[in-house]
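Here the structure comes first, spelled out in structure tokens, and everything after it is commentary.
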Amino acid sequence: MLLLLKIQDYMERASRGEVKVPPDAIVEFVDSCKDAVTKQLNKEKSFKLRMSGLGRPLCQQTLEQRGIKQEIQYNYLFRFLFGDIVESIAVLVLEQAGVEIVEKQKAVTLNFDGTEVTGTLDLILRDEFGQDKVWDIKSASEWAYKFKYTGYGGYNKIKEDDPFGYIMQGHLYGEATGLPFGGWIVVNKSSGEVAVVEAPEWQTEDRKEYIKDAERRVKILRQTDREFVIPYKDEFEEYKGERTGNKLMPKPCNMCGFKSHCWKNATLYDKISSKAKQPPQVWYTRLKKKEL
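Residues in the sequence shown are numbered from 77 upward in steps of one, following this note's numbering.
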């Protein structure tokens, strides 16, 4: 794809010292970094329906809406800051590489039966055929870059397991602008590699499906007095086909900041069914047996 070739060519020339970045572009980059610091360190605590979060599990959004305190690891601050600053670097590279940016950081809105859902899309790019598309920039870990976005990954792989609602986010931006969703420009935070992960050209049915689901989610979230029910079930741990007596936390709950609210007796412990020298730690909702 020409977009990726432009990015790679510019980065190679920049590494050899063959480019010059104009002062106004540097100022704009610095300003975007300031915005990132402000966003992460001066966060608003009020719940809002945002396109970037509407595709997340409804249980998480419900607890956030009700003001339940999240448990967030201290290193998340750096992770989020790194992500925002990587995005700023990516935009700088795209501009200097000659990629045609139609709009960036554009505020958009959709109305679902009287309820507004807002968002801020990353980029609208015009490709070599003159087609404008919505693109999102993502920074990724080594694992996510290799197995989620590239190799056997890609749009359909993300669609299989999308706990952060990335595909819904892209289609909501597209719906709000009347443009196709182009996909993601992904930066590997470990290696600095860049991938362009394209959404399918034919996406009408997906768009309809995700917009319909977004409407359903908005309708549910408007019902602020509804009963909260944990939508996932913990599972029995097994070893060689037999149950150990322990129960494992459902996969979607492992990275959730509300896990202690939903699973009050949860324990992080070495996986007893593992025979590795250094067993991975897993969350148990019931830990009756600590060794086999």
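Beta carbons are placed, not taken as given, at the ideal position from N, Cα and C, and that holds for glycine.
Which of helix, strand or coil DSSP assigns to Gln149: The residue given as residue 149 occupies position 73 in the sequence shown. Gln149 falls in the coil class under three-state DSSP.
Residue environment, Ser336, which counts as buried when at least 16 other CB atoms sit within 10 Å: Counting from 1 along the sequence shown, the entry for residue 336 is found at position 260. Exposed, because fewer than 16 other Cβ atoms sit within 10 Å of the Cβ of Ser336.
heavy atom of the ligand NAP below 6 Å from Cys329 C-beta: You won't find the ligand NAP in this model; it holds no ligand whatsoever.
Start-end ranges of the beta strand (DSSP E) lying completely within the region 243 to 282, minimum 3 residues: 257 to 264 and 270 to 274
Contacts around Phe334, its chain only, beta-carbon distance under 7 Å, and the 5 residues preceding and following it disregarded: Here residue 334 refers to the residue found at position 258 of the sequence shown. The answer, listed in chain order, is Gln136, Leu139, Ile144 and Gln146.
Cβ pair Val305, Leu80 closer than 7 Å: If you number the sequence shown from 1, residue 305 lands on position 229. If you number the sequence shown from 1, residue 80 lands on position 4. Not closer than 7 Å, so no.
Spatial distance of Ser91 from Val169 (CA atoms): Start at 1 with the first residue of the sequence shown, and residue 91 comes out as number 15. Start at 1 with the first residue of the sequence shown, and residue 169 comes out as number 93. Taking the straight line from one Cα to the other gives about 12 Å.
Touching by the beta-carbon criterion (3+ pairs, under 8 Å), the region 302 to 320 and the region 108 to 122: no
Nearest neighbour of Leu78, chosen from Glu281, Gly195, Pro307 and Ala173 [CA to CA]: The count along the sequence shown starts at 1 and reaches residue 78 at position 2. Closest by alpha carbon: Ala173.
Cβ pair Tyr249, Val294 closer than 7 Å: Taking the sequence shown and counting its residues from 1, the one referred to as residue 249 is at position 173. Taking the sequence shown and counting its residues from 1, the one referred to as residue 294 is at position 218. Against a cut-off of 7 Å, the Cβ pair of Val294 and Tyr249 comes out as no contact.
Where Gln136 falls: helix, strand or coil (DSSP): By one-based count along the sequence shown, residue 136 stands at place 60. The answer is helix: DSSP assigns Gln136 an H, G or I state.
Three-way DSSP call (helix, strand, coil) for Val178 in this model: Along the sequence shown, one-based indexing puts residue 178 at 102. Strand, per DSSP.
Cβ contact check for the region 189 to 196 and the region 121 to 128: 3 or more pairs under 8 Å: yes
DSSP bridge partner residues for Tyr345 (one or two, in chain order): Here residue 345 corresponds to residue number 269 of the sequence shown, with the count starting at 1. The partner list for Tyr345 (beta bridge, DSSP) reads Val358.
Assigned secondary structure, Lys214 (DSSP; H/G/I helix, E/B strand, else coil): In the sequence shown, residue 214 corresponds to position 138, counting from 1. Three-state DSSP puts Lys214 in a strand.
Boundaries of the alpha helix (DSSP H) in which Ile200 is found, first to last residue: Locating residue 200 in the sequence shown gives position 124, where the first residue counts as 1. Ile200 -> not in any alpha helix (DSSP H); beta strand (DSSP E) instead, spanning Thr191 to Arg202.
Given Asp237 as reference, the closest of Pro133, Gly259 and Glu367 once Cα atoms are compared: Residue mapping note: residue 237 aligns to position 161 of the sequence shown, counting from 1. The residue with the shortest Cα to Cα distance from Asp237 is Pro133.
Sub-7 Å separation of Tyr360 and Asn322 beta-carbons: Against the sequence shown, residue 360 aligns to sequence position 284. Against the sequence shown, residue 322 aligns to sequence position 246. Yes.
Own chain partners of Leu368 with C-beta closer than 8 Å, once the 5 adjacent residues on each side are dropped: Translated into the one-based positions of the sequence shown, residue 368 becomes position 292. Excluding positions up to five away in sequence, the list reads Tyr315, Thr320, Ile348 and Ser349.
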